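Participant: Numbering (our numbering), first residue to last: 1073 to 1171.
Quick one: structure below, then a few questions.
This is the structure:
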């Protein structure tokens, strides 16, 4: 579980890129998972990052209603785009956690 930020150490992203190339053939369907406070504006910001990508997006609110998990399944062209999405969402959505 990682709070994603664009200033996260490059070493983390280098390892992620390497693992993505090793475990998948690209383009590939990738599953992004995020957890945010149940603030509609945060959920919308995540969803907007996948507009026009034919993504399948599912949201589940926690039992107490405090948090929402957002799963996004979408075809991605390369690991670089996966990393770019994580960085962009980390910058735009305060407190987002990616799984």
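No residue lacks a Cβ here, since even glycine has one placed at the ideal position from N, Cα and C.
A quick note: this is a predicted structure, and the numbers were derived from the prediction, not measured.
Using 8 Å as the cut-off, can you tell me whether the segment 1111-1118 makes contact with the segment 1137-1156, which would need three or more C-beta pairs spanning the two stretches below that distance?
Facilitator: Judged by Cβ distances under 8 Å, the segment 1111-1118 makes contact with the segment 1137-1156, as three or more pairs qualify.
Participant: Per DSSP, what kind of secondary structure is residue 1113 in: helix, strand or coil?
Facilitator: On the chain shown, position 41 is the one that residue 1113 refers to. Residue 1113: helix per DSSP, three-state reduction.
Participant: Which runs of the beta strand (DSSP E) fall wholly inside the segment 1085-1130 and span at least 3 residues, in chain order?
Facilitator: If we require 3 residues or more, the beta strand (DSSP E) runs fully inside the segment 1085-1130 come out as 1100-1109.
Participant: When we look at the beta-carbon of residue 1165 and count the other beta-carbons within 10 Å, is it buried (16 or more) or exposed?
Facilitator: Here residue 1165 corresponds to residue number 93 of the chain shown, with the count starting at 1. Flag for residue 1165 reads buried.
Participant: Could you check which residue in 1135, 1146, 1110 and 1133 has the C-alpha nearest to that of residue 1127?
Facilitator: Counting from 1 along the chain shown, the entry for residue 1127 is found at position 55. Considering only alpha carbons, the answer is 1146.
Participant: Measure the alpha-carbon distance for residue 1151 versus residue 1100 and round it to whole angstroms.
Facilitator: As a working mapping, residue 1151 is identified with position 79 in the chain shown. As a working mapping, residue 1100 is identified with position 28 in the chain shown. About 9 Å.
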